[in-house]
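In full-length UniProt numbering, the protein residues as written are 1 to 160. Beta carbons are placed, not taken as given, at the ideal position from N, Cα and C, and that holds for glycine. Quantities reported herein were computed from a predicted structural model and do not represent experimental measurements.
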């Protein structure tokens, strides 16, 4: 009889390799330990505090996935003129309107941002702030997972 792990195509802890899998396992273990230290009562306000604490903790644990240097170099740089498209009239990173003469970066999804704003954003994120279009990172593990997600998405369309 097959084990539960085998039936569900799971990797058992004895099969885990060092590296990304063990790092994720350690983070999950730390999360469980931290959650066990919390005292949760039936009070909704305290439950909200608990959720806020959890969100804050998870945010601090999330790895930064900056955009690769190569992808940044390949972004189109524009000197904006009077002809700023109305759907791209504001840099959503800083919330300022574009002005003629501003330097902007255009992402593959066609969204525009002030160059300094989007370069700052890309030090911590690998996606467009508006549509979440992902740009490449220098993290080979993440890139392999991203390719797998794309393959699954493509395969699921075949059966829909």
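| N- and C-terminal bounds of the alpha helix (DSSP H) containing residue 151 | Looking at the DSSP string, the run of the alpha helix (DSSP H) that includes residue 151 is 140-158.
| request: Under the assumption that residue 135 contacts residue 71 (Cβ atoms under 8 Å), give the Cβ distance between them as a whole number of angstroms. | output: Yes, they are in contact, since the Cβ atoms of residue 135 and residue 71 sit about 5 Å apart, within 8 Å.
| query | So what does DSSP say about residue 89, is it helix, strand or coil? | reply | Residue 89 sits in coil when the DSSP states are folded into three classes, being neither helix nor strand.
| query | Mapping DSSP to helix, strand and coil, what is residue 95? | reply | Correct three-state label for residue 95: coil.
| message | Considering only DSSP beta bridges, list what residue 112 is partnered with. | response | Note: residue 112 sits in a beta bridge opposite 106.
| task | With a 10 Å radius around its C-beta and 16 neighbouring C-beta atoms as the bar for buried, classify residue 131 as buried or exposed. | result | Taking all protein chains in view, the Cβ of residue 131 is surrounded by fewer than 16 other Cβ atoms within 10 Å, so the residue is classified as exposed.
| said: What does the alpha-carbon distance come out to for the pair residue 98 and residue 89? | reply: In this structure, the straight-line span from the alpha carbon of residue 98 to that of residue 89 is close to 6 Å.
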